[in-house]
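Contents: one structure, followed by commentary.
Residue numbers (the working numbering): 6 to 117.
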């Protein structure tokens, strides 16, 4: 798979998640206005709790990776993925980070 196909696929999936988030989550959140209740709803049963915990831990792992690569590889602007991981979600933040990272590493390889 070429880099451009990889980046397009990853960004497409990130955008699709953001759109789904806006359609599924935002209307009831606006209607209720209860941000804490919306977060807590992810833990209403063991199954949703498992998925919610998985997402939270994946976000934390992504944050550690971003902060690590900022120092170890000099990845710039990775911090953008951190707020995107909160809203709309980890899928979008992760997609953006992968593309930022891919483009920067590709430029570095072209220089060498």
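Every residue, glycine too, gets a C-beta built ideally from N, C-alpha and C.
Counted within 10 angstroms of its Cβ, other Cβ atoms place residue i as buried (16 or more) or exposed
i, result
"residue 71", "buried"
"residue 29", "exposed"
"residue 77", "exposed"
"residue 55", "exposed"
Secondary structure of residue i, DSSP reduced to three states
i, result
"residue 29", "helix"
"residue 49", "coil"
"residue 93", "coil"
"residue 135", "A question about residue 135 goes unanswered here, because the residues of the chain that appear run from 6 up to 117."
"residue 9", "helix"
"residue 38", "coil"
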